[in-house]
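Participant: Number 263 in the working numbering belongs to position 219 of the sequence shown; there are no gaps in the numbering.
Submitted below is the structure of interest, expressed as structure tokens.
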Amino acid sequence: MCGIAGIWRWDGQPVEEDRLRAMAEAIAHRGPDGEGIWTEGGVGFAHRRLAIIDVSSRAAQPMISTDERYVVTFNGEIYNYRELRRDCKERGNVFRSDSDTEVLLYLYARKGEKMLADLRGMFALAIWDRETRRLFVARDRLGKKPFFYRRCAQEFAFASEIKALTLDRRPTVDWQAVRVFLGLQYVPAPLTGFAEIECLPPGFAGVLENGVWRTWKYADVFAVEPFSGTFVQAKERILLLLEESVRLRLLATDVPIGAFLSGGVDSAAVVALATRYATKPLATFTMGFPSIGFDEREQAATLAKQLGTDHHAFEVQGAQAVEMVDSLVDLYDAPYADSSALPTWMLARETSKHVKVVLTGDGADELFAGYRRYAHFVRALWLIRHRAVSLTPWFELTGKLMKDARLIRFARMLYAANQSPKQGYASLFTGAYFSAADETSLLQQDFAQATAVMSVESWMLDRLQDGDPLMAALAFDRSSYLPDDLNVKMDRATMAHGLEARSPFLDQELVRFTASLPSAWLLHSGHGKYILKEALKNVLPPEVLSRKKRGFQVPLASWFRGDLKAVFEERCLADRSALLKVCQKEAVAHLLHENMQGVDHGNRLWMLLTLSTWLTKNS
């Protein structure tokens with residue numbers, strides 16, 4: 045697990061080591077255990093190391109093959125590297141280290157780009173062929189590890205984080221990406237928020253050769269044939285695959301490992317299975333809030349006691365959010381407003397004081413239809429179809445009058461269901477932030493006209509599939525929300541503290557199998573994760589399996605009535621505010637006013653606050 049960077053100049057000028065070192069320093073938090081620089085004429089690689097597998101200097105990067113033809117800089121972990129290493133040895137390859145990095149060099153030498161099919165793990169990598177002068181790059185299938193790049197007339201530069209690409213020249217804001225962000229709370233790949241910088245999408249590879257850059261999708265982990273077996277066979281297979289995934293992630297480390305633990309099913313399943321293989325009590329970590337309905341520390345502590353883990357619990361206060369706004373904006377580089385990044389960042393900070401690797405429960409909701417919005421959307425569709433009546437006007441009105449966030453969400457569900465399934469889910473998803481219906485009153489006219497080529501709703505409609513509404517919603521969340529929001533959140537929050545996060549649910553074999561299952565096995569009688577919970581009946585206590593999902597919720601609405609109110613007014617409502625290039629002041633002030641009156645606009649206000657802060661720093 046590391047940070048990578050590199051430059052290829054084809055204008056005849058050498059790559060300066062100082063420039064590479066500055067790029068590496070910008071992402072030093074990703075790899076506090078060491079730095080490596082390699083240059084050769086117009087090509088150079090940089091690496092910041094977080095030593096996890098083979099912590100000796102033999103595994104340092106950038107790494108050169110024994111025949112000195114290939115050079116690699118690599119971020120991630122290959123969980124099946126031992127199996128691949130044995131195969132390489134049988135073919136006569138001699139290893140100088142015990143790392144997974146060296147395996148990549150031998151595989152590439154033998155298979156070239158086809159080696160990606162063999163890799164089971166998370167990765168972003170770059171390999172330079174000194175003989176053909178060819179640069180090959182790739183990113184893992186689910187987008188666990190990031191890869192950003194910047195192209196111009198004389199060079200190609202890449203890095204694990206955008207900040208390493210903006211040291212020598214300030215990029216321009218991509219205002220179209222800002223508009224999409226307002227509906228999603230994140231910027232989807234290949235967009236980044238900057239016009240000159242792109243993000244390599246998950247499951248993509250790229251080659252730069254003779255000045256020509258081309259990319260392609262080398263794998264679609266969700267494109268599978270439907271499962272033809274029984275429900276019982278499927279749930280047994282799920283448990284076996286999850287057990288294997290946990291075991292692989294426990295074994296692939298030479299440093300202490302722990303796990304995040306909430307009161308929910310996902311992290312509990314990972315921890316319960318991990319304890320079966322741990323040789324000593326597994327260290328577990330949880331973060332909570334001193335607010336009713338937002339704190340799972342008690343449930344986590346109870347579960348930790350049952351499982352026999354070495355448990356640690358921490359707390360987040362509203363005042364800490366004020367201090368963290370700038371830090372989070374700097375950390376995430378692009379516009380990013382998932383508020384759970386704040387407690388995740390703080391949890392990662394505390395966890396890194398105890399271990400260097402942590403298991404998480406990320407991905408289960410997208411694989412097994414765990415979010416409540418899926419169940420509500422399906423129920424709303426049924427209600428609309430069977431009553432054959434338009435409920436839109438009533439719920440538009442009542443939704444505006446309701447103060448309870450749950451009622452507001454349900455009103456949006458019914459409103460969305462009264463549209464076509466594709467348009468319904470698009471308006472449902474964006475309605476939690478700023479939907480197409482909100483844009484008229486929210487956006488400045490000049491900004492709206494300048495970015496009219498693509499609204500967030502039109503962007504989503506282009507990516508939503510036809511057919512089963514639930515499967516279409518899941519497909520979108522798996523291909524966009526998961527890699528571009530959730531994986532980004534976890535990667536930046538953990539790597540900010542030199543902590544590696546591993547997600548057993550996001551193992552490619554488990555993902556493939558889950559994608560083959562019918563929707564009725566995922567969402568059953570209004571309950572998500574149906575088949576997963578059935579598979580875990582002998583793993584977790586009944587009270588955990590029946591517990592309602594909370595997620596890593598943050599009491600934002602109350603914070604904006606207290607600690608964050610003054611900060612919001614200063615950054616979003618002052619006449620000099622950068623936010624007013626995008627949004628109308630009256631609309632922004634109205635949201636804050638309604639929130640003070642009891643309407644929950646916490647997510648929207650947090651989005652505007654982070655956007656204003658980002659625009660101030662970058663425009």
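We put the CB at the ideal spot given by N, CA and C, even for glycine.
Here the structure is a predicted model, which means the values were calculated and not measured.
In the DSSP assignment, what residue or residues form a beta bridge with D354?
Facilitator: According to DSSP, which records beta bridges pairwise, D354 is partnered with A327.
Participant: Would you mind stating whether V315 and T328 have Cβ atoms separated by less than 7 Å?
Facilitator: Yes, the pair counts as a contact, with Cβ atoms nearer than the cut-off.
Participant: Find the nearest neighbour of M504 within the set F520, V497 and D490, judged by alpha-carbon distance.
Facilitator: When only C-alpha atoms are compared, the closest one is F520.
Participant: The beta strand (DSSP E) with D173 in it runs from where to where?
Facilitator: Counting along the chain, the beta strand (DSSP E) containing D173 begins and ends at G165 to D173.
Participant: When you compare the segment 160–167 with the segment 115–122, are there three or more beta-carbon pairs, one atom per stretch, that lie closer than 8 Å?
Facilitator: The segment 160–167 is in contact with the segment 115–122.
Participant: Pull up the distance between the alpha-carbon of V115 and that of A313, whole angstroms please.
Facilitator: For V115 and A313, the distance between alpha carbons rounds to 39 Å.
Participant: Measuring straight from C-alpha to C-alpha, what distance separates V369 and T654?
Facilitator: Going from the Cα of V369 to the Cα of T654 covers about 7 Å.
Participant: Straight-line CA distance for A318 to R620?
Facilitator: Going from the Cα of A318 to the Cα of R620 covers about 52 Å.
Participant: With distances taken Cα to Cα, identify the nearest neighbour of D339 among P387, T297, T353 and Q350.
Facilitator: Of the candidates P387, T297, T353 and Q350, the one whose C-alpha sits nearest the C-alpha of D339 is P387.
Participant: Please name the residue in I108, K573 and M534 whose C-alpha comes closest to that of F415.
Facilitator: According to the sequence shown, residue 415 is Tyr rather than Phe. It is K573.
Participant: Leaving aside the five residues before and after D529 along the sequence, list all residues of the same chain whose C-beta is less than 6 Å from its C-beta, in chain order.
Facilitator: Hits under 6 Å: Y230 and D382.
Participant: Kindly indicate which residue of D111, Q628 and D406 has the alpha-carbon position closest to the one of S311.
Facilitator: The option with the nearest alpha carbon to S311 is D406.
Participant: I'd like to know whether the C-beta atoms of P270 and S560 end up nearer to each other than 7 Å.
Facilitator: Going by C-beta atoms, P270 is nearer than 7 Å to S560.
Participant: Are P246 and G302 touching if we call contact CB-CB under 7 Å?
Facilitator: No.
Participant: Using beta carbons (cut-off 7 Å, strictly below), is R214 in contact with chain B?
Facilitator: Protein chain content of the structure displayed is limited to a single chain, and chain B is not contained in it.
Participant: Excluding sequence positions up to five away, which residues of its chain have a Cβ less than 7 Å from the Cβ of L514?
Facilitator: Only A413, Y418, V422, S563 and L567 meet the Cβ criterion.
Participant: Using three-state DSSP, classify N119 as helix, strand or coil.
Facilitator: Three-state result, N119: strand.
Participant: Tell me, which residues are paired with M107 by DSSP?
Facilitator: DSSP, once it has assigned bridges, lists V116 as partnering M107.
Participant: Can you tell me whether E205 is buried or exposed, with buried defined as 16 or more other CB within 10 angstroms of its CB?
Facilitator: Classification for E205: buried.
Participant: At a cut of 8 Å, does the segment 212–221 reach the segment 275–283 through at least three beta carbon pairs?
Facilitator: No, they do not touch.
Participant: Using the Cα positions of K349 and M390, report the straight-line distance between them to the nearest angstrom.
Facilitator: So the two alpha carbons sit approximately 23 Å from each other.
Participant: Would DSSP call H73 helix, strand or coil?
Facilitator: H73: helix per DSSP, three-state reduction.
Participant: What would DSSP say about E340, mapped onto helix, strand or coil?
Facilitator: In the structure shown, E340 sits in coil (DSSP, three-state: anything other than H, G, I, E or B).
Participant: Evaluate the contact criterion for the segment 391–398 versus the segment 539–552: three or more CB pairs, one atom per stretch, below 8 Å.
Facilitator: The segment 391–398 vs the segment 539–552: in contact.
Participant: Taking its Cβ as the centre, do 16 or more other Cβ atoms sit within 10 Å of M640, making it buried, or is it exposed?
Facilitator: Its Cβ having fewer than 16 others within 10 Å, M640 is exposed.
Participant: Looking at the secondary structure, which residues open and close the alpha helix (DSSP H) in which T210 lies?
Facilitator: Looking at the DSSP string, T210 is not in any alpha helix (DSSP H), and its letter there is neither H nor E.
Participant: To the nearest angstrom, report how far apart D510 and K466 are at their CA atoms.
Facilitator: Roughly 7 Å separates the two Cα atoms.
Participant: May I ask you to report which of helix, strand or coil DSSP gives G227?
Facilitator: G227: helix per DSSP, three-state reduction.
Participant: Identify which residue in D131, S464, A170 and W603 has its Cα closest to the Cα of R154.
Facilitator: Nearest C-alpha to R154: D131.
Participant: Indicate whether T297 and I48 have their beta-carbon atoms separated by less than 7 Å.
Facilitator: Contact flag unset, no.
Participant: Mind reading off the beta-carbon distance from L347 to V588? Whole number of angstroms is fine, and I expect it under 8 Å.
Facilitator: Contact flag correct, Cβ pair sits at about 6 Å.
Participant: Restricting to runs no shorter than 4 residues, where is the alpha helix (DSSP H) found entirely within the segment 494–562?
Facilitator: You should have 500–505, 513–520, 531–539 and 552–559.
Participant: Answer with buried or exposed for S523, where buried requires no fewer than 16 other C-beta atoms within 10 angstroms of its C-beta.
Facilitator: When all chains shown are included, S523 counts as buried.
Participant: Enumerate in chain order the residues of its own chain whose CB-to-CB distance from K261 is below 6 Å, with the five nearest sequence positions on each side excluded.
Facilitator: These residues qualify, in order along the chain: G247 and F248.
Participant: With 16 as the cutoff for other CB atoms within 10 Å, does Y321 come out buried or exposed?
Facilitator: Result: exposed.
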